[in-house]
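Chemist:
There are 2 protein chains.
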Amino acid sequence: MDPLTEAQQKLMPEMTELLKKRYQILLTIKLEEPIGRRALSELAGSTEREIRKETDLLRNQQLVVAKSAGMIVSEQGVAVLDALRDFMRDVSGLIAMEKQLKSLLGISKVLVLPQDSDDIPAVKSNIGKEAARLLEAFFPQYKKIAVTGGSTMAAISKELSSDKRDSLLQFIAARGGLGEDVLHQANTIASSFAGKTGGSVKTLYLPDHLSEEAYEMMMREPVIKEMMDLYDQTDVVVHGIGNAEEIALQRQSSTEEVERIRSGGAVSEAFGYYFDKEGKVVYRIRTAGIQLEQVQKAPAILAIAGGRSKAKAILSYFRNAAPQTILITDEGAAQKILELTQKQEEI
Amino acid sequence: MDPLTEAQQKLMPEMTELLKKRYQILLTIKLEEPIGRRALSELAGSTEREIRKETDLLRNQQLVVAKSAGMIVSEQGVAVLDALRDFMRDVSGLIAMEKQLKSLLGISKVLVLPQDSDDIPAVKSNIGKEAARLLEAFFPQYKKIAVTGGSTMAAISKELSSDKRDSLLQFIAARGGLGEDVLHQANTIASSFAGKTGGSVKTLYLPDHLSEEAYEMMMREPVIKEMMDLYDQTDVVVHGIGNAEEIALQRQSSTEEVERIRSGGAVSEAFGYYFDKEGKVVYRIRTAGIQLEQVQKAPAILAIAGGRSKAKAILSYFRNAAPQTILITDEGAAQKILELTQKQEEI
DNA sequence: TTTAGCTGGACACTTATCGTCCCGCTACAT
DNA sequence: ATGTAGCGGGACGATAAGTGTCCAGCTAAA
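Protein sequence lines correspond, in order, to chains A and B. Numbering-wise, the first sequence is residues 1 to 347 according to the UniProt record's numbering. Numbering-wise, the second sequence is residues 1 to 347 according to the UniProt record's numbering.
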C-alpha cells in the first residue's frame, strides 16, 4: 500500500471506516437511484438518522442531489465513485484477499467486493453489477450461456446493461422448475437475461419430484433431449452457491431427501448438486438440468455468492471446482473463508 | 492535486482539518520533546482536554510514547511526519501559495509552512527549523553570515543541528545592542549560532541612542570599523521582519522617534530600517549595523516572518527587497498577504 | 530532600447526536 | 382527475459523547 496512505491511516484511524461507510452509501444510491432515506436505510442496514446525517453531508458536497422522487448521484458523485473504486478495494485489503483466495481455492480469478451482504443488502446489487460486467465481457466470444436460479442470479439480471445487446446470445436455463419462488427460478432468470440483452432463451419446464419412471420418460422427449444437448455446448455457466440446508428447506424437499442431505454431510449446493465439506457430491436432485461434468468442461464459469454466512458453502464447493471458475464474492465471505482455513492450519 | 485525494476530500471534508490538527500536534511534540499536556496545549493554542484527546489517540497509534518526563515521538511517528510532510503542504494549498507569492513579491523562493504562528506559538519553532535547514544548506558555500535579533531569529538558533559543525563559519551581529531584551539581541543570537555550529562570532556592542558626535567618534574606532568592513563581505544575511510600531515601542524609542516613524507611515522594520507601505525607507535608527545596500548585494538573504499580523509588514518590506531574497513564512501570513493584494486589485 | 512537571484517573456539566414523528409536496398509478 | 405511496425537510425530547477541571501518584532533576 502507498506509504502516504499508510501514514494517513496512522494519523486518522477512523478514516477507513468512515470512508467505507460513505462510499458504500454513495454506491448504493447510485445502484438504486432514485431512492429515499427510508428505503436506503433498509438497504444499507443502518438507521434512518445515520443515513440522513450522511446523505446531508453528501448533498452538501454536491455528490448527490435530492429530487422529489428520491436522491440521485450527481456527475461529481460518479467521478468520486470511479476515483475511489480501486483505492477502496486496496485500503480494505480486498486485493490482498483476492490473491490469497486465488491460491487457496486453486482458481484463476477471484473478485471480492466491499462489505458483507449479510449486513448490507445493497451489497448484493453491487455483486450483481460486477458479475454483470464480467459476464458482458464474455459476450463477444461466447454466446451460449447457462444460468441457474436464486436471488443472487436475479441481482445480476437487474444490472445487465441494455446497451450491450446482441441477438446471437442464447441463454439456457440450467435447471428445470423447482419448488422455488417463481421469480428466482432458473427459467425466469434466463428469460430475464435474454430480455435485457436481446438474446434468445431456452427454458426447461420439468416438475420437481417426479417418479423415476416418469423422469426416464421425460428424458426421452425431444424438447428435453435438445436441452441436454445444449448443455454440452455451453460456453459460460453462471451460477450461485447455496447453503445445503437452507436450499433443501426452501425446496420443501421430502423428509427422506432432507435426511439424505443431512446424513451425507452436505454443506453446499450448486445447480442441483449437493457437496460435502470435502467437495464430494453427496446427493443430487433428480430433475433435468446441466450435469456437473458439463459445467466443468465449459470454457468459462462464473460462481457468485456473497455474505459470511456462505463462507463454508463456498469453501466446500471450491474443493473440487474447475480451475477456470471465476468466483465473485464479498468482503464478509472472503474474510470468513480465510479465517476458517487459518484455523484449520493451526490445528 | 491528486484526483484520488480530491475524491477523498469530497467524501470526507472534515479530513483536512483533522489531519492538519493532528499533524501539527505531532510535529510540535517532535520539535519540543519531551513535553507534557499542559505545555503542549499552550504551544498548540488549544485546551488541555483537546490535546489530551489527540495525544491519547497518537499514543494508541504508537506514534508517540509517554515517558515520565513527557511525550516523545516514536520512530513510527517520525516516519509519519516525513511521509505526510509534502502531502500536508499540498493539501493545505501551501505550494500554490508559494507560487503566487513568488511572482507577487518578485523573488525566487518562498517557503510557506502550515498554520499561523499568531494562533499556534509552536509554528514559530517549525519556521525556525526549516529556516535552519535552509541556512545550513548554505554553509558549504558561504561562510560569512550576518544575523539580526528578534524572537524569530532565536527560534532558528534553537533548531540549528549541531552535527553540521564547521569552524570556518563566521557569524556577524548585523546590529549593535539595542534597547531590546538581551536574549533576542543580534549579539546574543549571533553567538548562539556560532555556539551551535562551532563557528566564530563577531559581536558589535554599541549603546543605543548615542549623540551624533559620540556616534561619529565610535565609527572611527578600529573595532567598529572592522565590523563595517565585514558587512561588506557578508555572504548571507538572515533577518526577521517586524511591524514598525511594535518594534518602535519595544525599543523604548524617544517620543520624537516614534513621531517620525508614525508620520512617515512606517509599516515594517528590518535590520534597523523602517519602510512605508511602498517599501521606501522612512527612518533609520542611528546605530551601527549593516547597511541596506550591503544587505542587498549579499549573495543570499533569508527573510523570516510568520503570523497573519505580520502580513502588512512583509508586503511592505518586499516592495523593494532584493530579488535573491528568500522568504520563509507561514500559512497565516501568506493567506493574509494574498487577501490584501487581492483586495487592492479589486479597487 | 524538595520541587516542578509529568501521566492517568475521575467527575460534573455542557454540547452534539440520535431516534422518531409529522408535515407538505410531488410523481405516478389508478 | 384524483388518490396514494414515497419523498425531503423540520422539529424535539432522550441520550450518549465530549469538555473543562481538578487531584493523586510518580519520576527526575535541582
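Ideal Cβ placement from N, Cα and C applies to all residues, glycine included. Computed from a predicted model, the values in this text were never measured in an experiment.
Can you pull the chain B residues whose beta carbon is under 8 Å from the beta carbon of A/Lys-10, in chain order?
Modeler: Stepping through the first sequence from its first residue, residue 10 of chain A is reached at position 10. Residues of chain B passing the Cβ test: Gln-61, Leu-63, Gln-76 and Val-80.
Chemist: Given 8 Å as the limit, is there contact between the segment 287–297 of chain B and the segment 310–317 of chain B, that is, 3 or more CB pairs closer than that?
Modeler: The segment 287–297 of chain B vs the segment 310–317 of chain B: no contact.
Chemist: Taking C-beta pairs closer than 8 Å, name the residues in chain A that B/Arg-22 reaches, listed in chain order.
Modeler: Walking along the second sequence from the start, residue 22 of chain B turns up at place 22. Within 8 Å Cβ-Cβ: Leu-11 and Met-12.
Chemist: What's the C-alpha gap between A/Thr-212 and A/Tyr-283?
Modeler: On the first sequence, position 212 is the one that residue 212 of chain A refers to. On the first sequence, position 283 is the one that residue 283 of chain A refers to. The identity of residue 212 of chain A in the sequence shown is Glu, whereas the question assumes Thr. Roughly 16 Å between the two C-alpha positions.
Chemist: Please confirm if A/Pro-222 has its CB atom under 7 Å from at least one CB of chain B.
Modeler: On the first sequence, residue 222 of chain A is found 222 positions in, with the first residue counted as 1. With 7 Å as the cut-off, A/Pro-222 does not count as an interface residue toward chain B.
Chemist: Tell me which same chain residues have a C-beta within less than 6 Å of the C-beta of A/Glu-269, skipping the five on either side of it?
Modeler: Within the first sequence, numbered from 1, the residue matching residue 269 of chain A stands at position 269. So the list reads Gly-242, Ala-244 and Ile-247, once near-sequence residues are dropped.
Chemist: For the segment 79–104 of chain A, list every residue whose C-beta sits within 9 Å of some C-beta in chain B, in sequence order.
Modeler: So the list reads Ala-79, Val-80, Leu-81, Asp-82, Ala-83, Leu-84, Asp-86 and Phe-87, given in the order they occur along the chain.
Chemist: Residues bridged to B/Gly-289 by DSSP?
Modeler: Against the second sequence, residue 289 of chain B aligns to sequence position 289. B/Gly-289 pairs with B/Arg-175.
Chemist: When you compare only the Cα positions, how much space is there between A/Asp-140 and A/Glu-48?
Modeler: Working through the first sequence from its first residue, we reach residue 140 of chain A at position 140. Working through the first sequence from its first residue, we reach residue 48 of chain A at position 48. Note on identity: in this sequence residue 140 of chain A is Pro, with Asp being the wrong assignment. Those two C-alpha atoms are separated by around 44 Å.
Chemist: Quick check: does the Cβ of B/Leu-18 come within less than 6 Å of any heavy atom belonging to the ligand ATP?
Modeler: Looking for the ligand ATP in the displayed structure turns up nothing, as the structure carries no ligands at all.
Chemist: Note down the Cα distance separating A/Lys-225 from A/Gly-289, rounded to an integer number of angstroms.
Modeler: Translated into the one-based positions of the first sequence, residue 225 of chain A becomes position 225. Translated into the one-based positions of the first sequence, residue 289 of chain A becomes position 289. The straight-line gap from Cα to Cα measures roughly 11 Å.
Chemist: With A/Met-71 as the anchor, note down where its beta strand (DSSP E) starts and where it stops.
Modeler: Residue numbering aside, residue 71 of chain A sits at position 71 when the first sequence is read from its first letter. That run of the beta strand (DSSP E) goes 70–73.
Chemist: On the criterion of 16 or more Cβ atoms from any shown chain inside 10 Å, does A/Ser-68 qualify as buried, or is it exposed?
Modeler: Locating residue 68 of chain A in the first sequence gives position 68, counting from the first residue. Flag for A/Ser-68 reads exposed.
Chemist: Going along the chain, which residues of its own chain have a beta-carbon closer than 6 Å to the beta-carbon of B/Met-97, five neighbours each way excluded?
Modeler: Indexing the second sequence from 1 puts residue 97 of chain B at position 97. Correct list, in chain order: Val-112 and Ala-334.
Chemist: Which whole-angstrom value describes the C-beta separation of A/Ile-172 and A/Ile-145, a residue pair presumed to lie in contact below a C-beta threshold of 8 Å?
Modeler: Here residue 172 of chain A refers to the residue found at position 172 when the first sequence is read from its first residue. Here residue 145 of chain A refers to the residue found at position 145 when the first sequence is read from its first residue. At roughly 7 Å, the Cβ-Cβ gap stays under 8 Å, so A/Ile-172 and A/Ile-145 are in contact.
Chemist: Can at least three beta-carbon pairs, one atom from the segment 59–78 of chain B and one from the segment 27–42 of chain B, be found at a separation below 8 Å?
Modeler: Because the criterion of three Cβ pairs below 8 Å is met, the segment 59–78 of chain B and the segment 27–42 of chain B touch.
Chemist: Ends of the beta strand (DSSP E) at A/Asp-276?
Modeler: Counted from its first residue, the first sequence places residue 276 of chain A at position 276. Note, A/Asp-276: beta strand (DSSP E), 273–276.
Chemist: Going along chain B, which residues have a C-beta under 7 Å from A/Pro-3?
Modeler: By one-based count along the first sequence, residue 3 of chain A stands at place 3. Residues of chain B passing the Cβ test: Ala-83.
Chemist: Could you tell me the alpha carbon to alpha carbon distance between A/Val-78 and A/Lys-343, rounded to whole angstroms?
Modeler: In the first sequence, counting from the first residue as 1, residue 78 of chain A sits at position 78. In the first sequence, counting from the first residue as 1, residue 343 of chain A sits at position 343. If I take the Cα positions, the gap works out to 40 Å.
Chemist: Got a sec: is the Cβ-Cβ distance from B/Ala-7 to anything in chain A below 7 Å?
Modeler: To locate residue 7 of chain B, count along the second sequence from 1; it is residue 7. With 7 Å as the cut-off, B/Ala-7 counts as an interface residue toward chain A.
Chemist: Residue range of the beta strand (DSSP E) that A/Ser-302 falls in?
Modeler: Working through the first sequence from its first residue, we reach residue 302 of chain A at position 302. Strictly speaking, residue 302 of chain A in this sequence is Leu, with Ser absent from that position. Here the beta strand (DSSP E) through A/Leu-302 covers 300–304.
Chemist: Pairing CB atoms from the segment 49–64 of chain A with CB atoms from the segment 125–136 of chain A, are three or more of them under 8 Å?
Modeler: Too few Cβ pairs lie closer than 8 Å, so no.
Chemist: Measure the beta-carbon distance from B/Pro-114 to B/Leu-94 and round it to whole angstroms, keeping in mind my assumption that it falls under 8 Å.
Modeler: For this step, residue 114 of chain B is matched to residue 114 along the second sequence. For this step, residue 94 of chain B is matched to residue 94 along the second sequence. Right, their Cβ atoms sit about 7 Å apart.
Chemist: Just verifying my parser: in three-state terms, what is the DSSP assignment at A/Leu-111?
Modeler: On the first sequence, position 111 is the one that residue 111 of chain A refers to. A/Leu-111: strand per DSSP, three-state reduction.
Chemist: What's the C-alpha gap between A/Met-218 and A/Met-228?
Modeler: For the purposes of this step, residue 218 of chain A is identified with residue 218 of the first sequence, where counting begins at 1. For the purposes of this step, residue 228 of chain A is identified with residue 228 of the first sequence, where counting begins at 1. Roughly 12 Å between the two C-alpha positions.
Chemist: By alpha-carbon positions, which one of A/Leu-27, A/Leu-101, A/Leu-134 and A/Ala-137 ends up nearest to A/Ala-83?
Modeler: Position 83 of the first sequence, counted from the start, is the residue given in the question as residue 83 of chain A. Looking at the Cα atoms, A/Leu-27 is the closest of the given residues.
Chemist: Opposite A/Leu-327 in the DSSP bridges: which residues?
Modeler: Taking the first residue of the first sequence as position 1, residue 327 of chain A is located at position 327. Answer is A/Val-110 and A/Ala-303, bridged to A/Leu-327.
Chemist: Tell me the rounded alpha-carbon separation between A/Asp-90 and A/Glu-6.
Modeler: Here residue 90 of chain A is taken as the residue at index 90 of the first sequence, counted from 1. Here residue 6 of chain A is taken as the residue at index 6 of the first sequence, counted from 1. For A/Asp-90 and A/Glu-6, the distance between alpha carbons rounds to 11 Å.
Chemist: Quick one: Cα of B/Asp-2 to Cα of A/Gln-24, how far?
Modeler: The residue you call residue 2 of chain B lines up with position 2 of the second sequence. The residue you call residue 24 of chain A lines up with position 24 of the first sequence. If I take the Cα positions, the gap works out to 22 Å.
Chemist: With the cut-off set at 7 Å, would you say B/Val-237 and B/Ile-301 are in Cβ contact?
Modeler: Along the second sequence, read from residue 1 onward, the residue named residue 237 of chain B stands at position 237. Along the second sequence, read from residue 1 onward, the residue named residue 301 of chain B stands at position 301. Yes, Cβ-Cβ distance for B/Val-237 and B/Ile-301 is below 7 Å.
Chemist: Would the beta-carbon of A/Leu-57 fall within 7 Å of that of A/Val-64?
Modeler: Position 57 of the first sequence, counted from the first residue, corresponds to residue 57 of chain A. Position 64 of the first sequence, counted from the first residue, corresponds to residue 64 of chain A. No; because the gap between Cβ atoms is not below 7 Å, this pair is not in contact.
Chemist: Out of B/Thr-325, B/Gln-324, B/Glu-159 and B/Gly-332, state which residue places its alpha-carbon closest to the alpha-carbon of B/Ser-309.
Modeler: Residue numbering aside, residue 309 of chain B sits at position 309 when the second sequence is read from its first letter. When each option's Cα is compared against that of B/Ser-309, the closest is B/Gly-332.
Chemist: Smallest Cα separation from A/Leu-292: which of A/Leu-340, A/Arg-262 and A/Thr-234?
Modeler: As a first step, residue 292 of chain A is located in the first sequence; it is residue number 292 there, counting from the start. With distances taken between Cα atoms, A/Leu-292 lies closest to A/Thr-234.
Chemist: A/Ser-151 and A/Lys-196: beta carbons closer than 7 Å?
Modeler: Within the first sequence, numbered from 1, the residue matching residue 151 of chain A stands at position 151. Within the first sequence, numbered from 1, the residue matching residue 196 of chain A stands at position 196. Not closer than 7 Å, so no.
Chemist: Give every residue of the same chain whose Cβ lies closer than 6 Å to the Cβ of A/Lys-21, excluding the five residues on either side of it in the sequence, and list them in chain order.
Modeler: On the first sequence, residue 21 of chain A is found 21 positions in, with the first residue counted as 1. Cβ within range, chain order: n/a, list empty.
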